[in-house]
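Okay, so here's the structure we're looking at.
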Amino acid sequence: MEIDQSPFQYIEGESPVLLELPHGGHLTPDEVKPYLHPKFTPGDRREDADEFSDALYLDLPSKPHVLRFRFWRAHADPNRRYDDFSADGVVKTHTSQGVKIYQSERGMPETVRQAVIERYVMPHQQQMLALLANPSIKQVLFCHTMPGIGTSVSKDRGNLRPLFMFGNGGDLHGKPHHNCYAHKKTLELMSSIIEDHFHELDVGFNFCDVIRCNNPYSGINSLGRFTCEQFKGKHPFTLEINRDLLLHNPENIIPVRHIIDLIVQALAAGQA
-18 MEIDQSPFQY
-8 IEGESPVLLE
2 LPHGGHLTPD
12 EVKPYLHPKF
22 TPGDRREDAD
32 EFSDALYLDL
42 PSKPHVLRFR
52 FWRAHADPNR
62 RYDDFSADGV
72 VKTHTSQGVK
82 IYQSERGMPE
92 TVRQAVIERY
102 VMPHQQQMLA
112 LLANPSIKQV
122 LFCHTMPGIG
132 TSVSKDRGNL
142 RPLFMFGNGG
152 DLHGKPHHNC
162 YAHKKTLELM
172 SSIIEDHFHE
182 LDVGFNFCDV
192 IRCNNPYSGI
202 NSLGRFTCEQ
212 FKGKHPFTLE
222 INRDLLLHNP
232 ENIIPVRHII
242 DLIVQALAAG
252 QA
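If you use the working numbering, the sequence shown corresponds to residues -18 to 253, in order.
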């Protein structure tokens, strides 16, 4: 059976909120297969991705618009700028865990790398731009999951992470460096939703805080792909959810989905 190799899946919603899921895909571009390192495993590929992304963010009762990238993050990352050729850039040489992906330290030949960008990343980004220009979409949320402990290549290496993290490219108090990103009061409102429903979660494992802003990630990889003019007053921010919540107890998926749905409802109602 032929596999659909279209780069993204767009699910039209009824809510005026757009969710982007850039790291939840599970397809491998045909172009990269001849260059894969023999010791690069399916487990390495999975750990680099936003595991549980689909389970948490898809099919929410509030019916937001959803743009979901369909390929593994290890091979094509639409959450990076086209010209980011770093090890963890748009077409990586190493995963976010520091694992070598391809046979060569340089990754793939430049022509193959450029083909991956043009065939997979660019169409996704162009669809994002079209959705940002859609006047019926009023708010944008970039959706992720994260490891519960800082990875070997992260600034917070070996440190415990929060259960939830909001990023607006700003400081640890949630004040953004650009007014076109979500305001501090928006992150405070989203945090209050989590606090009101925290008791529904099974959190019998180690973590540092319930909620943090811009730590360990500021969200700038998501936000910095587009200009303030392209965001058109939609005041985007990122949401990172600690994967240990789900690894510790898969039944946490239900209350976490409820929290996400309440966040979407609050954004749709213009409360932020």
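Each residue gets a CB set at the ideal place from its N, CA and C atoms; glycine is no exception.
(request) Return the CA-CA distance between ASN223 and HIS216, expressed in angstroms with no decimal places. (result) Against the sequence shown, residue 223 aligns to sequence position 242. Against the sequence shown, residue 216 aligns to sequence position 235. C-alpha separation (whole angstroms): 23 Å.
(message) For LEU243 and ILE174, I'd like the C-alpha separation in whole angstroms.
(response) Walking along the sequence shown from the start, residue 243 turns up at place 262. Walking along the sequence shown from the start, residue 174 turns up at place 193. Between LEU243 and ILE174, the alpha-carbon positions lie close to 7 Å from each other.
(request) Pull up the CB-CB distance for GLY148 and PHE218, whole angstroms please, since I reckon it's below 8 Å. (result) Here residue 148 is taken as the residue at index 167 of the sequence shown, counted from 1. Here residue 218 is taken as the residue at index 237 of the sequence shown, counted from 1. Taking the Cβ atoms as the reference, GLY148 lies roughly 6 Å from PHE218, within the contact range of under 8 Å.
(request) Tell whether a beta-carbon distance below 7 Å holds between LEU48 and GLU1. (result) Within the sequence shown, the letter at position 67 stands for residue 48. Within the sequence shown, the letter at position 20 stands for residue 1. Yes, these two residues count as a Cβ contact at 7 Å.
(request) May I ask you to report which of helix, strand or coil DSSP gives MET(-18)? (result) As a first step, residue -18 must be located in the sequence shown, where it is residue number 1. Confidence in MET(-18) is poor, its pLDDT being 47 and thus under 50, which makes the residue's placement too unreliable to answer from.
(request) Give the secondary structure of SER117 by DSSP, where H, G and I count as helix, E and B as strand, and everything else as coil. (result) One-based indexing of the sequence shown puts residue 117 at position 136. SER117: coil per DSSP, three-state reduction.
(message) Less than 6 Å between C-beta atoms, sequence neighbours within five positions excluded: which residues of the same chain meet that for PHE123?
(response) Along the sequence shown, read from residue 1 onward, the residue named residue 123 stands at position 142. Excluding residues within five positions, the ones whose Cβ falls inside 6 Å are GLU1, SER203 and THR219.
(request) Kindly indicate which three-state DSSP category TYR101 falls into: helix, strand or coil? (result) Here the question's residue 101 lines up with position 120 in the sequence shown. Correct three-state label for TYR101: helix.
(request) Keeping to the same chain, check which residues put their C-beta closer than 7 Å to that of MET(-18); ignore five residues upstream and five downstream. (result) Here residue -18 is taken as the residue at index 1 of the sequence shown, counted from 1. Interpretation of MET(-18) is limited by its pLDDT of 47, a score under 50 that renders its predicted location unreliable; no figure is taken from the coordinates.
(request) Could you give the DSSP three-state label for TYR83: helix, strand or coil? (result) Here residue 83 corresponds to residue number 102 of the sequence shown, with the count starting at 1. Three-state result, TYR83: strand.
(message) If you measure between the beta carbons of TYR101 and PHE145, is that distance less than 7 Å?
(response) Working through the sequence shown from its first residue, we reach residue 101 at position 120. Working through the sequence shown from its first residue, we reach residue 145 at position 164. No, the Cβ-Cβ distance between TYR101 and PHE145 is not below 7 Å.
(request) Rounded to whole angstroms, what's the CA-CA distance from GLY155 to TYR198? Just pull it up for me. (result) Within the sequence shown, numbered from 1, the residue matching residue 155 stands at position 174. Within the sequence shown, numbered from 1, the residue matching residue 198 stands at position 217. So the alpha carbons of these two residues sit roughly 12 Å apart.
(message) On a Cα-Cα basis, can you pick out the residue from VAL71, SER43, SER133 and ILE192 that is closest to LEU168?
(response) One-based indexing of the sequence shown puts residue 168 at position 187. In terms of CA proximity to LEU168, ILE192 leads the group VAL71, SER43, SER133 and ILE192.
(request) Keeping to the same chain, check which residues put their C-beta closer than 6 Å to that of LYS119; ignore five residues upstream and five downstream. (result) One-based indexing of the sequence shown puts residue 119 at position 138. Closer than 6 Å at Cβ, skipping near neighbours: PRO(-3).
(request) Output the boundary residues of the alpha helix (DSSP H) element that contains PHE212. (result) As a working mapping, residue 212 is identified with position 231 in the sequence shown. The continuous alpha helix (DSSP H) containing PHE212 extends over residues 209 to 212.
(request) Please determine if the region 87 to 102 and the region 32 to 44 are in contact, where contact requires at least 3 C-beta pairs separated by less than 8 Å. (result) With a cut-off of 8 Å, the region 32 to 44 and the region 87 to 102 do not count as touching, because too few Cβ pairs lie within range.
(request) Work out the CA separation of PHE(-11) and CYS194 for me, nearest whole Å. (result) Residue mapping note: residue 194 aligns to position 213 of the sequence shown, counting from 1. Residue mapping note: residue -11 aligns to position 8 of the sequence shown, counting from 1. Computed Cα separation, rounded: 29 Å.
(message) Distance check for THR126 and VAL80, CA to CA, integer angstroms please.
(response) Here residue 80 corresponds to residue number 99 of the sequence shown, with the count starting at 1. Here residue 126 corresponds to residue number 145 of the sequence shown, with the count starting at 1. So the two alpha carbons sit approximately 19 Å from each other.
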